[in-house]
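Chemist: Below: one structure in structure tokens.
Chains as they are written, first to last, in this note's numbering: chain A, 1 to 112; chain B, 1001 to 1114.
This is the structure:
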């Protein structure tokens, strides 16, 4: 069975400090991993996906198949990064669509 | 353009009543998903439509839950004989067809069963 684990419910850091949001997964196939973010009073939105290997808003995430991890990192946290972050794993649905399996989420709180 | 639209944004209903939640996906998106998010949890998959047909309904918890998408655009999630445990945020999402496309979420319908 596919499972995504985010061990921290809350991560609190000071502005300018490094951030690492942990995500571990279990999946027998070749996973596609995502990070979604939900800012206060906004809808859930895609932050980044591992296949695109991009840096979005200073965040990066590397898929480590050996450790089955996809941790989200940012070298210097900003107050506007405060949000709920969800790690998700995708299992394709044939030729169409994705079925996302989400972790429970981690609240990131950046203090000034 | 407009994003995924969901109505109502909030619904309070009595135990045992019937509820309908509506989703209007992004224009041109053939794939439509329903997820349920309980307090303190991440979203959980309920059902996926490709066009008008439910391609995967493995996440529906029981036969009180049903969803339709008769014209391949707007979808309605229907819950019969609601129970207090059905209280959650129901999220709709859509994407272009194809497993590599980004999934866009609506703001959700917050259902409270009293």
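Where is the CB? At the ideal position from N, CA and C, for every residue including glycine.
Got a sec, what are the start and stop residues for the beta strand (DSSP E) residue 1065 of chain B sits in?
Modeler: Its beta strand (DSSP E) spans residues 1065-1068.
Chemist: Which residue comes first and which comes last in the beta strand (DSSP E) that contains residue 976 of chain B?
Modeler: Residue 976 of chain B lies beyond the stretch modelled for chain B, which goes from 1001 to 1114, so this question has no answer here.
Chemist: Which residues, taken in chain order from the stretch 1045-1075 of chain B, show a beta carbon closer than 7 Å to some beta carbon of chain A?
Modeler: Listed in sequence order: 1045, 1048, 1050, 1055 and 1056.
Chemist: DSSP three-state call for residue 20 of chain A: helix, strand or coil?
Modeler: It is a strand residue.
Chemist: If the criterion is Cβ atoms closer than 7 Å, does the pair residue 1104 of chain B and residue 1026 of chain B meet it?
Modeler: Yes. Within cutoff.
Chemist: For residue 89 of chain A, which of B:1102, B:1107, B:1053 and B:1071 has the nearest alpha-carbon?
Modeler: Considering only alpha carbons, the answer is B:1102.
Chemist: Please identify the residue among B:1096, B:1038 and B:1032 whose C-alpha is closest to the C-alpha of residue 1077 of chain B.
Modeler: Checking every option, the nearest Cα to that of residue 1077 of chain B belongs to B:1032.
Chemist: With residue 27 of chain A as the anchor, note down where its beta strand (DSSP E) starts and where it stops.
Modeler: No beta strand (DSSP E) holds residue 27 of chain A; DSSP gives it neither H nor E.
Chemist: With three or more beta-carbon pairs closer than 8 Å as the criterion, would you say the stretch 1011-1023 of chain B touches the stretch 61-77 of chain A?
Modeler: Segments in contact, no.
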